[in-house]
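Have a look at the structure below, then the notes.
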Amino acid sequence: MGFFFLSNTILQIAILVVLIITSKCLVHGVETPRLSIITDKEALISFKSGIDPETLGPLLTWDQTLSPCNWTGVWCNKVGARVVELDLAGLGLKGSISPHIGNLSFLRSLQLQNNQLMGTFPNQLDNLFRLRVLNMSFNIIQGVIPQNISRCTELEILDLEKNEISGIIPRELSYLAKLQVLNLGRNHLFGSIPPYLANLSSLAGRSRDEIDEDFLEGSGEGFGGGQEAGFGEEGADAAAVANEGASSGGPKVDRCRDRRCSAVEKLRWAALDVQEGSLHNLTKIQVIRMADNLLHGTVPPGLGNLPELQMYNIGFNRIVGVGDNGLDFLTSLTNSTRLNILAVDGNLLVGVIPESIGNLSKVLSKLNMGGNRIHGGIPASIGHLSGLTLLNLSYNSISYDIPQEIGNLVELLRLGLAGNNISEYGMGEKPSTAGDVYSYGIMLLELFTGKSPTHESFTGDLSLKKWVQMAIATNVDQVSDPGLVQTNSSLSDDVPPISTPKAQSDCSIAVLGVGLACTVDSPDGRISMRDALCKLKSIRENLFKPDHAREI
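Per full-length UniProt numbering, the sequence shown starts with residue 1, numbered consecutively.
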C-alpha cells in the first residue's frame, strides 16, 4: 500500500510538472486547442472595447452574430478560418490596444498605422509567434520597445515610426533574423550607435528604382535642412529652387491600396531615425536611415560587411570623426556595390576625404557630406563616381581648386560647394555670399547648356562663361541644351502647354543671362541671390503665359 501511495504521489507530481510546463509554453505563444475562431472573435471584440466610441467608425459594422472573417479590416485563412490579418490603418481610431490581441495566434499581419492609439505595447504581443508584419507607425504609443518582441521570430516588418517611444533599442531585436524592414523613426530613442543589432541578416528596404524622392526628407537625399544645413536666408531659397520636388513627404508607408500587394510591398521604405543600435553586420540590409536625431559618438566599424546596402543616411546628428582619418569609414563602404545614397551631412565629422571615395558604388547617385568639418582638398578620384546626380560638400573647410575630374560627372544635376575655401573655378576668390552667387550662376550655365566648366572643348582662355557670352547674342541655339526644348505633345498632363519653341528659346536666353549676371568677374558687380531668384521666378511665370501676354 505504501508503495502504491508513493507511486500515486509521484504520478501526481509528474502530472503537475507537465501542467506547469504546458502553461509556460502557452504563455510563450505555443498553440493551444482552446484557441479558435471563437477566441479570435473575443480578442477582436476586446480590441474594439478599448477604442473611443466616437472614433469606432467602420468597426461599428462588426456584427457579433457574424463570423469575424466578414468584418471590416479582418482577413482569415481558408483552412481553419482563423484570423491572419488585421488592417485598421488610417481609420482615426483613438484608444489603447487590448492585451487580448495576443490571442490572435494565427495573426500574420497587424497594421494599425495612422491612427491615434496610445498607451504602451501590450506584453502579450509576444504570443503572436506567426506575426510577419507589425505596423503601429503614426500613433501616440509610449513606453519602451518591449524586449519580448524578439519572440515574434517570423517578423519581417517592424514599423513604429512617429510615436512617443523612448529608451534605447533593445538588444533582443538582434534575434529577429528574418527582419526586412525596421522603421523606428521620429521617436525619442537615445544613445550612441552600439554593435549589438549585428545578427539581422535579412534586413532590407527599397530597391534603387523604387526610391521615391517624394518621400525624401531631412538630409542626404537632397540639399535638405535649409538654414540648418548652413544656407543663409537667401541660400535657403536657392536650395529650394535647386531642389524643387525633393521635399519632405507624409507617411512613408502603406501607399499600396491594392489588397493583392504583399506586406513588404506596402512597407518598402525603412527609416531608422534612432539613437541606439548598430546595423552594421546586417549583411543583407539595403537601407539604414538614422537621420535627424541626437546620435553621438563615432561611426562604428563593420560597414564593409554590407554588400546589399543601397542607402546609408546618418545625417544631422552629432557623429564625430577624429583626426585626418575621421572619414576612413567611407573606405569600408566601397564593398557596398549597390550603394545609391550616402549621407553624412550635418554632423561633426573631421578629416580629409580619402582617395578611396572614388571606389564607391558606380550606381551612387547622391553623395551628401555638407555641414561638417572636412578639410583638405577634393580628391581627383571623385570623378570616378560617374552616376552622381547630387554632390554636396558645402559648408566644410575644404580648400584648393576643384579637380578637373569632376567634369567626368556627366549625370550631375546639383553641386553644393558653398561655404568652403575652394577657388571660384580657378579664380582664387575666397568664399563669400558673392562666391555662393558665382557657384549658383555656374550651375545655371551648366544646366541650360548641358556642359560642365571642365568640358574638353574649353581650352586656353575659353571657359564656359566666355563661351556663353560669345554665343548668347548671336547663336543661342548653339549654346542652349537641345534637350530643354520640348513640344507640347511631349509634356506631361500637369505641365501647362508652351505655345512656341521661340518661347522656350527666349526662356533659355533669359536664364543664361541670369547665370552670367551671377558670374561677373568682380564680386561687387554680381547680382544678389535674392535678385537672381526673383528673375528666375519671373521667367518661369512668363514662360507659361499666352503669346500675346509675354514680356520677353
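Ideal Cβ placement from N, Cα and C applies to all residues, glycine included.
On a predicted model such as this, the values are computed, not experimentally measured, just so you know.
A straight line joining the alpha-carbon of SER505 with that of THR519 spans about 21 angstroms.
In this model, GLY90 and ARG289 are separated by some 24 angstroms (Cα to Cα). Contact between ASP159 and GLN113 holds: CB atoms are separated by about 7 angstroms, below the 8 angstroms threshold. For the pair of segments examined, the stretch 161–176 was found to touch the stretch 141–151: the number of CB pairs separated by less than 8 angstroms reaches three. In this structure, the straight-line span from the alpha carbon of GLN124 to that of VAL79 is close to 25 angstroms. DSSP assignment within the stretch 318–379 yields the following whole alpha helix (DSSP H) runs of 4 residues or more, N-terminal first: 329–332. In this structure, ILE398 places its C-beta atom within 7 angstroms of the C-beta atom of ASN420. Per the coordinates, the alpha-carbon of SER166 lies some 21 angstroms from the alpha-carbon of ASN313.
Shortest Cα-Cα distance from GLY302 to any of ILE285, VAL514, SER365 involves ILE285.
For SER96, the enclosing beta strand (DSSP E) begins and ends at 94–96. By the neighbour-count criterion, in which 16 or more other beta carbons inside 10 Å mark a residue as buried, GLY460 falls on the exposed side. Ranking MET136, ARG530, GLU154, ALA177 by CA distance to the CA of GLY185 puts MET136 first. Taking C-alpha positions only, ASN347 is separated from ASN408 by approximately 28 angstroms. When the Cα atoms are used, THR298 and PRO379 turn out to be separated by approximately 23 angstroms.
For LEU388, the closest alpha carbon among the candidates ASN368, ASN372, TYR400 is that of ASN368. Between ILE422 and GLU85, the alpha-carbon positions lie close to 57 angstroms from each other.
Judged by beta-carbon spacing, LEU110 lies beyond the 7 angstroms limit of ALA43, meaning their Cβ atoms are not closer than that value.
Secondary structure note for SER397: its beta strand (DSSP E) is the uninterrupted segment 397–400. Residues of the same chain with a CB within less than 7 angstroms of the CB of TYR440, apart from the 5 flanking positions on each side, are ALA238, CYS518, MET529, ALA532 in chain order. Annotation for CYS76: the continuous beta strand (DSSP E) segment containing it runs 74–76.
The continuous beta strand (DSSP E) containing VAL287 extends over residues 287–289.
Of the residues assessed, ALA291 falls on the buried side of the cut-off, its CB having 16 or more other CB atoms within 10 angstroms. Residues PRO58, THR61 of the same chain have their beta carbon placed closer than 6 angstroms to that of THR72, with the five preceding and five following residues left out of the count. Contact between VAL83 and ASP40 holds, since their C-beta atoms are separated by about 4 angstroms, short of 8 angstroms. Annotation for LEU44: the continuous alpha helix (DSSP H) segment containing it runs 37–49. By DSSP's assignment, MET443 forms no beta bridge with any residue. Listed in chain order, the non-local C-beta contacts of LEU342 below 6 angstroms within the same chain comprise TYR312, LEU367, local neighbours out to five positions each way being set aside.
In the three-state reduction of the DSSP assignment, ASN103 falls in the helix class, which pools H, G and I. Between MET118 and ILE140 a beta carbon distance of about 4 angstroms is seen, short of the 8 angstroms cut, so the two are scored as contacting.
Put simply, of SER386, VAL363, ILE353 the residue whose alpha carbon is nearest the alpha carbon of ASN372 is ILE353. Taking all protein chains shown into account, ARG130 has 16 or more neighbouring C-beta atoms within 10 Å of its C-beta and is therefore buried. Between LEU176 and LEU189, the gap from beta carbon to beta carbon reaches 7 angstroms or more. Judged by DSSP in its simplified three-state form, GLN142 adopts coil rather than helix or strand. When rounded, the separation of the alpha-carbon atoms in SER508 and SER480 is 7 angstroms. Checking the DSSP bridge columns, you'll see ASP87 partnered with GLN111.
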